[in-house]
RNA sequence: GGGCGAUUAGCUCAGCGGCUAGAGCGCCUCGCUUACACCGAGGAUGUCGUGGGUUCAAAUCCCUCAUCGCCCACCA
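Residue numbers (my numbering): 1 to 1083.
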C-alpha cells in the first residue's frame, strides 16, 4: 500500500485500488456460523432492463448502506446478489416465432438451441448486472450469487409447485387472459398498461326475431301499434364492433322498461346470421332515459342493450357463465379474424354466414370492415367519438386482447395465502418519522369485528422484539398492500415462453378409444397402470396424480424433483417410440410398460413455463437453502431484516413473497419493508428506454464516481413518492447525466481534501516539521508520508486518549460534541430509513462544522507547541469517526482515507468523548458510539461563530481588502470573554482581524463601528465609509423595528400570555428587550 | 371510478403546530489566505397553489377548489 495521498482526488483510481484490496481479502462473505446478530436484506433479483436505471442504483445504494452499517455494528450481515431471467428472452423477438398458427408451440422449434442461445445472453447480462453492483461498491457475498434459473432455485420452484399443487392451491382453468397478440403470450394483470386511446362508440342495430320451435321470424308489423313498444331492432353500443362476430346473446337490464316485451325473443346477428337470445342481466348499465345514473359515463353512452361476447370480454365471459352461453372465439392468436379457433367447431352455431370477407383481417381492419358493412346495410345508428383507456402490453405496447386460453392458476385467494399475507401486516407505528405508520391490522380483510382476539399475536410496542409481522416504511404503503390482498384474484402463473421454469406437470389422457370410438381403457384402468408404474420406478413420494374433469378426461401428473420428472419423461419417450414403431426400447423399463404403451401415447409435458414472479416470490427461501431441511442459512437469516424496493413492486412481489414464506415456513420473509421514491426525469416522467430519458448508473460512476453517485442517491431518498432528476445529454458522449450528481462529487472532493489536510498536518507534526511550513507540497508528498510513518514509533508528543481529554480547547470540545450529536442523528435517521437525513447530517457535520470551522480553528492550535499534539489527536479522532459514519454511503473514499490515517495515526480516540477502536480496514471498523456532549462549550462556540460572521459581514459591507486585518474589541460577559480569549488566534484567522481587548468593561474605541453578535458588542475599527454605514444602520433599524412590532403584538395578545408555554413567553420577552436595546444603541 | 402523493427561492428538494421559513445548484460582489476554485467569504431572491375553518399561534392540522404526477380497478 502506498503512503501517498495524491493531491487531486481521482475517484476512478481510488475505486480501483480499494476494490482490489477488498477483493483480495475476501471481505464480503458471511457464514451462518459467524457470530453476531443476523442481519439480511432481501435483494430484488434484477433483470437487465431494470439494472440499467437509476432506480435500481438507488435501491442498491440503500441496501449497501444498511448492510455496511450492520456489519460495522458487528452483526452477521449477508447480501445475496441475484439476477432474474425476466427480460432476457423478452428483449428479443425470438419468442414471436415460438407459437404456430394454432396457438400451440411449434414442433419444429429447437428448444435446446434456443436455450443455449439465451444462456449466452444471460451470461452477458449477468456480467452487466453484477458488474454494476461491483462498480458501485456493493458489498455482496459474491460467491453466493444466485440466478433465478439455476439449479438451487429450480429445486425450490419444483418443491413449491408440488406442495401448492398437493394442497389444492394450483389448478388449471380455461379463462380469458390478457393476450398479447404481438408476442403471443398471456400477460398478468399487472403487466398490462393502460393507455388513453381515441376511438368511437358505435351504435349497431340488431334485428329482433321471435322464435317458434326451430323457426325464427321477424315480429309482426301490427305489434308496432300505439302504446306497445315492439321494436324491429335493438341497438347495442360498442367500442369494438369486430367482436360482434362472436356475440352469443344480447343482454338488457331486467329493470329496463323494454325488457318485458323482449323477454324470450332473439336477434339475428348481422353478417353472421346467427340467432342469439336476448337475456336479462343486471350487470347491464341502463341508459339515462331508463334511469341510469347521469354521472356514470357508461350510462351516458349506453343504449341499454349490451352485446355479449364471452370469448372476447372478461365481463361478457362472466355473463356467459351465468347464462350458460356458448363461447365463440373469432380470432387467431395473432389477433386476426379466424374461424379456425372455435368459431366453426360449434354445432349449429358454426356458420360464418356472410362473414367470409372478414377472415384473415387484422383486428383493426376488421373493425373498419364491420362498421362499413353496418353502414351500408343501414344498421349503423351512430358513431360517437370517445376517448378511453385501453390495456396495452408492457412488452410490445400493442393493445391486449382478452383471449380464451388454458392457463395454470395459483389460488392466492385462499385463506392460506392472501389471508396469511393480510395477517402478517403490522399494526404498530413504524417510527415517529414514518407518518401514519403501519396502517392495517384493525380493518384487515374480512377479519372478525373489533374485540375478537386475533388468532395471531399483534406486534408489541417499541423496545420489545417485533412479533412475526411486516412493517412498511413509510407506513402509508401498508394500505396499498392491504387493499391489493383484499381484492386479489387468482394468479395466472403460466406463460407461453420458452425461457423459464417449466411447469412440472404432465398430462395423460385417461380414456382410450379404438378407431371406431369405442372405449377400450377407462380411467380406472389407466390410473391403475400408472400407479403401478410409479411404484416400480420408486417415485411415489415425488409424484401426484389427479384426474381432471374436462372435455377430454385426463390425469395431471405433477412431479416434485428433477429425477421424478426425468422418469416420467423417459416413460413418455419410451412409449412414444414404441408407438412410433421404433420398438428398440420397447418394454425394457418396466413390467407395466408393455401395457402402458397402448394408452400412453398422449403423455405430454405441459409446454408452458412459470411466471417469473413465481420464482421471485421464493427468493427469501431459495437463496437461503430451502427446501433443504434445517438449512443453516435459512434458519439464520429468514425472516430477513428488511426488504427495500419500489412501490410498483408491492403487489407483484412483496405480497407474494409474504404469502409463500408464510405458507412454506409459517413466518414472514422480512420484518421491514422500505419503499423508496421513484426517480423521474426533470419533467416528472418515469424514466424509460422508449423515452430515452434514462440514466445509466455506470455513466455516472464514470463521470462523477461511485461514492458521489451513492451519496447523491441517498440524499435524494426522502419520504416522498417521486423525486425528479433533470436529465442532460452530454453532447460529447451522447450519454445522459444529471447535474444533481454534482453534490455528491463536490462532497467527495471535500472529504478527500479535508482528510488530506488533517493527515498532512499530523504527518508534519510527527515528522518534527513545523506545522507552519508547507506540509504537503506537490512532488514531496511521498517523502512526508514515509517520514511520518517512520516517526510514529517514537512520537512522544502524540498524547494518549486520556491526556488529550484533559487539555481540550473550546473548539475541540465543540467539534467533539457536534460529532456526538451527528452520530445520534445518523443512527436515528437510519433506524427510520431516512437516508436523506443521514446523508445531510454527515454532510453538514463534515463540511460546515469540521472543515469550515474546526479545521480553520485548529490551524493556529497546530502552531502552538502546547496544543499541537492534542489538536492533532482531536483532528485524527474526528476524521476517524467521520469516515466510519460516512463509510456506508461512500465506501471507497473513506476506505482509502482510512488507510492513510492509519499510517500517520494508528491510535486514535479521546477519552470520554469518542472511542476509536483500531481497525486495519474501514469496512471492518466499529460503528461509532456516542460519547459525552459538551453543551456549555457548544453554546459559547456558537456565540463566537456569530461574532466571526458579524466581523466578516462588516468587512464585506465596507469592502475591506480580504488580506487586510482589522482591529476588533469585544464587550462581553465573563464566560464569553474567557472563551474568546482561549480561541483568540483562531478567531483572528477566521475573521481576519486582530483582537485588541475583550471583557465586561471594554469601551468602544474612537471611530469604531459597533455591531451586536452572540450577545456581545463587537467594535471594529478603521471602517470608513459613511454611505455604507448609513445604509447598514438603516437596514438594521428597519429589521429591528419590524421585529419589535411583531414581538410586541405577540405579547399584547392576552390569549398568548395565558395559553402559550411559559418558556416561549419568556423567550419572546427576552427577544423584545434585546431588540429594543440594539435599536436604542443605533440611535 | 378508487387510492396515494405533490404544489415552499429561477431549478431540485428539506421543514410538517411556536426561533427572523432552510439546503444544494444557479445568480451578484470579493478573494488562487500555507486541504480543497469540484474552493473560501459575503449577498440578493419566497403573500409556503387557491379560498375557507380550527388555534393564543398554521407552510405545518381540517375542509373546498385548482393544477401536476403515480398506483390500482374498469371500460359498452
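The beta-carbon is built from N, C-alpha and C at its ideal position, and this holds for glycine as well.
Reducing DSSP to helix, strand and coil, say where residue i ends up.
| i | result |
| --- | --- |
| residue 338 | coil |
| residue 305 | strand |
| residue 131 | helix |
| residue 116 | helix |
| residue 1001 | coil |
| residue 207 | strand |
| residue 677 | coil |
| residue 984 | helix |
| residue 67 | helix |
| residue 25 | helix |
| residue 251 | strand |
| residue 693 | coil |
| residue 686 | strand |
| residue 879 | helix |
| residue 1138 | Given a span of 1 to 1083 for the chain in the structure shown, any question on residue 1138 remains unanswerable. |
| residue 199 | strand |
| residue 728 | strand |
| residue 604 | strand |
| residue 289 | helix |
| residue 1064 | helix |
| residue 383 | strand |
| residue 495 | strand |
| residue 59 | helix |
| residue 481 | helix |
| residue 1056 | helix |
With DSSP as the reference, please indicate the residues paired to residue i in a beta bridge.
| i | result |
| --- | --- |
| residue 521 | 512 |
| residue 1017 | 971, 1012 |
| residue 642 | 41, 672 |
| residue 995 | 968 |
| residue 662 | Answer is none; residue 662 lacks a bridge partner. |
| residue 392 | 193, 399 |
| residue 331 | 337 |
| residue 915 | 909 |
| residue 502 | 609 |
In whole angstroms, what is the alpha-carbon distance linking residue i and residue j?
| i | j | result |
| --- | --- | --- |
| residue 11 | residue 19 | 12 angstroms |
| residue 66 | residue 888 | 7 angstroms |
| residue 14 | residue 193 | 44 angstroms |
| residue 1066 | residue 1037 | 23 angstroms |
| residue 1024 | residue 941 | 30 angstroms |
| residue 693 | residue 54 | 11 angstroms |
| residue 939 | residue 139 | 41 angstroms |
| residue 145 | residue 134 | 12 angstroms |
| residue 528 | residue 666 | 36 angstroms |
| residue 1007 | residue 1022 | 7 angstroms |
Taking residue i as part of the alpha helix (DSSP H), name the residues at either end of that continuous run.
| i | result |
| --- | --- |
| residue 725 | Residue 725 -> not in any alpha helix (DSSP H); beta strand (DSSP E) instead, spanning 722-725. |
| residue 1042 | 1026-1051 |
| residue 708 | 706-715 |
| residue 138 | Counting along the chain, residue 138 falls outside any alpha helix (DSSP H), and DSSP gives it neither H nor E. |
For the beta strand (DSSP E) containing residue i, name the first residue and the last one.
| i | result |
| --- | --- |
| residue 409 | 401-410 |
| residue 277 | 274-280 |
| residue 268 | 266-269 |
| residue 654 | Counting along the chain, residue 654 falls outside any beta strand (DSSP E), and DSSP gives it neither H nor E. |
| residue 547 | 543-548 |
*Is the segment 637-653 touching the segment 666-679, taking contact as three or more C-beta pairs under 8 angstroms?*
Remark: three or more beta-carbon pairs, one from each stretch, lie closer than 8 angstroms, so the segment 637-653 and the segment 666-679 are flagged as touching.
_Cβ contact (3+ pairs, closer than 8 angstroms) linking the segment 877-896 and the segment 1008-1027_ = Remark: fewer than three beta-carbon pairs, one from each stretch, lie closer than 8 angstroms, so the segment 877-896 and the segment 1008-1027 are not flagged as touching.
*Contact between the segment 163-174 and the segment 908-927: three or more CB pairs below 8 angstroms?*
Contact between the segment 163-174 and the segment 908-927 is absent: fewer than three C-beta pairs spanning the two stretches fall below 8 angstroms.
*Cβ pair count under 8 angstroms reaching 3, the segment 845-860 against the segment 963-973*: Counting Cβ pairs under 8 angstroms, fewer than three are found: no touch.
*For the segment 744-762 and the segment 728-735, state whether three or more C-beta atom pairs, one from each stretch, are separated by less than 8 angstroms.*
Between the segment 744-762 and the segment 728-735, the count of C-beta pairs closer than 8 angstroms stays below three; the two stretches do not touch.
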